[in-house]
Structure formats: C-alpha cells, structure tokens
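Peer 1: To convert, note that position 38 of the sequence shown is 38 in our numbering; the numbers rise steadily by one, no gaps.
Glycine included, each C-beta is placed from N, C-alpha and C at the ideal position.
The following block contains the structure, expressed as structure tokens.
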Amino acid sequence: GGPVSEDPRAAGRTAVARAVGQLPPLPPGRRRALIVLPDALSGDPTEVVRGAQQEAGAGVGWAGGGAGNNLRFVKTAQFTRGQAYRDQVVVIAFDAQEPIGVGIQHGWYPYGPPTQVTKARGTTAIELDYESAFDVYRRTASSRGVELDMRDFTRFAMTHPLGIPQASGEFVIRDPISVESDGSIRYVAEIPDGSLVRVMEGARADLLDAAAGAAAMARKGTPGPLGGAVVFDCVSRYLILGEGVRDELLRFQDALGEGVPVVGCLTLGEVGALGGGVPQFHNKTAVVLAFPA
C-alpha cells in the first residue's frame, strides 16, 4: 500500500486489506498474524501502523520493522512478488490453527524524571517542560555526574533514548538522531505533543537479556512444537552491541530452543504490541515472531 509519503495511515489500511483479502475468511479457532514492513524513510511509520491496526481490528498478532538503507536516511525499497517498491508498506498475513507467539522487549530503563513534551513537531522534540529538549537532556545527565554538550550528544544519545510510558507500565522507545542548534532533538519516529517522556538508559547486558526475554515470550505464546521464528532487531542495537550481536543471536536461539530455524533482519524501527495491547512503532527494540510447526 502507498504512497506512504502522501497518506501513511491509508497506506497501512490498504496494505492490510490486500494481504488479508488473499486469505480465506478466518474460521473460529484459527489465529492470524500480520508482518508489517513500512518504508521508514518516506513517511510516518507510526501512522502506517495505526492504519494497519484500524483495518485489521483486534485479536491479531503483530510483528515487523521499518526498511532502511544502512543508516544513510535517504531512500529504501521493499521486495515482494518479484518486484521492488519504494514509498510503500508491505504486509504479510497468515493464519494458523495453533497459537502464534509474539515477543517484544527492549531492555531500556528510566534514567531521568518524567517530563512533558511541551512542544513537538512530527519526529522533533522542540521543548520539554518549556525548555529546549537538549537542556533537559543536559540537566538530566548532569544530575548523574555526566557533563554533556552538543558535540557529545550523539554518543550519549545512543545509550540514552527517550521512553514514552504506557498504561501497562512499559515504555515505547524513541531513538534520538541529532540535536539542532536551537536545542531541539530529532528522533527516528513520532514524538507526541503533550505526552510524558523519560530519558532512558541501558547496558549491553540489558539488551541481551531483552533479546532472550522477547524470544522466551514468543516461545511461551506457541506452546506446541515450533516450526521456526523470525526476528526483527533494531539496527541501533547492533551499533551498541557490535560483535556482541553474536551473543544476542545465541540468546534468541537458546530461548526458542535448539534446532528451531531462526531468520531475521536489522530494522529501522520495529512493529509490535506491548503487553498484548495495540500495535505501535518502536525503536531500539527486539520483536520475535514464533510459528507453530
């Protein structure tokens, strides 16, 4: 569905309708899951996911991730049915008789106090608590003994994303990209104006534990034998882990079970539903989809 750049929500609805339309009506007792793969560079992927959810309704498992281009943030493409597409969202729909397990975790924890987004535009946080977003980051870092200036921001932000608290007590993560000269901060995905947010932190061990937790959650959701699993892992997690990503892959495999086929990709943002709620677009997160045999 698309173009994503013109109407991302309509693109999400259209892609889901086309994918589901190729399946027979869902009989009682069967489960359905959707993999959502938006162009994360040409439009608002958060709106794509909202449109997908509007079309699919409740009782659906969600997974997926944004297509990028090796962090160049220029243009990307998706491939389906032997063709390459740009400025689109691809949705894969499938049904199963047995439960389809989905797990999602990130490993980030609160670092700073709750603050309110008092001015935002799209993916840019302009003001937090009526101050420039960077000033709040700097003060938060200073309270923990870290002196932060704009030149250091990218390095600091890699391990200190923004968290948006949810009713479940969990956080949707937003990945900072850059700080502008006016102190506003640009993120990979939407920053809702008026929302409460917190600066987060996480260590390598936390990210590895989250990978295992997401896989274990997916495994628990599919109680019978597994036919395989698909992992959507944020590319920024790889940037933090480096060669330690091999340990992350082992954690995925160990939690799913030895011999279970596992495939996956690094993504620019992830699609999943925290705590079984509505699907959202996440950053710095791992999503695992487990298929029954």
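#1: The alpha helix (DSSP H) with THR76 in it runs from where to where?
#2: Per DSSP, SER132 is paired with what?
#3: Can you have a look at TYR137 and say buried or exposed, based on whether 16 or more other CB atoms are within 10 angstroms of its CB?
#4: Does the segment 255 to 274 touch the segment 202 to 216, meaning 3 or more C-beta pairs lie closer than 8 Å?
#5: Compute the distance between the beta-carbons of LEU207 and ARG174, then report whether it is under 8 Å.
#6: Can you grab the Cα-Cα spacing for the pair SER42 / GLN54, in whole Å?
#7: Consult DSSP for GLN166 and reduce its assignment to one of helix, strand or coil.
#8: For the alpha helix (DSSP H) that GLN53 lies in, which residues bound it at each end?
#9: In whole angstroms, give me the CA-to-CA distance for GLY221 and TRP62.
#10: Roughly how many angstroms separate the alpha carbons of ILE305 and ALA19, rounded to a whole number?
#11: Which residue from GLY244, GLY202, PRO8, GLY194 puts its Cα closest to that of ALA120?
#12: Does DSSP put ARG155 in a helix, a strand or coil?
#13: For the alpha helix (DSSP H) holding LYS220, just list the boundary residues, first then last.
#14: Between which two residues does the beta strand (DSSP E) carrying TYR111 extend?
#15: Output the distance between the C-alpha atoms of PRO110 and ARG198, rounded to the nearest integer angstrom.
Peer 2: Reading off the structure:
#1: It is not in any alpha helix (DSSP H) - THR76 carries neither H nor E in the DSSP assignment.
#2: GLU127
#3: buried
#4: yes
#5: no
#6: 21 Å
#7: coil
#8: 45 to 56
#9: 13 Å
#10: With the chain covering only 1 through 293, there is no way to say anything about residue 305.
#11: GLY194
#12: helix
#13: 204 to 221
#14: It is not in any beta strand (DSSP E) - TYR111 carries neither H nor E in the DSSP assignment.
#15: 6 Å
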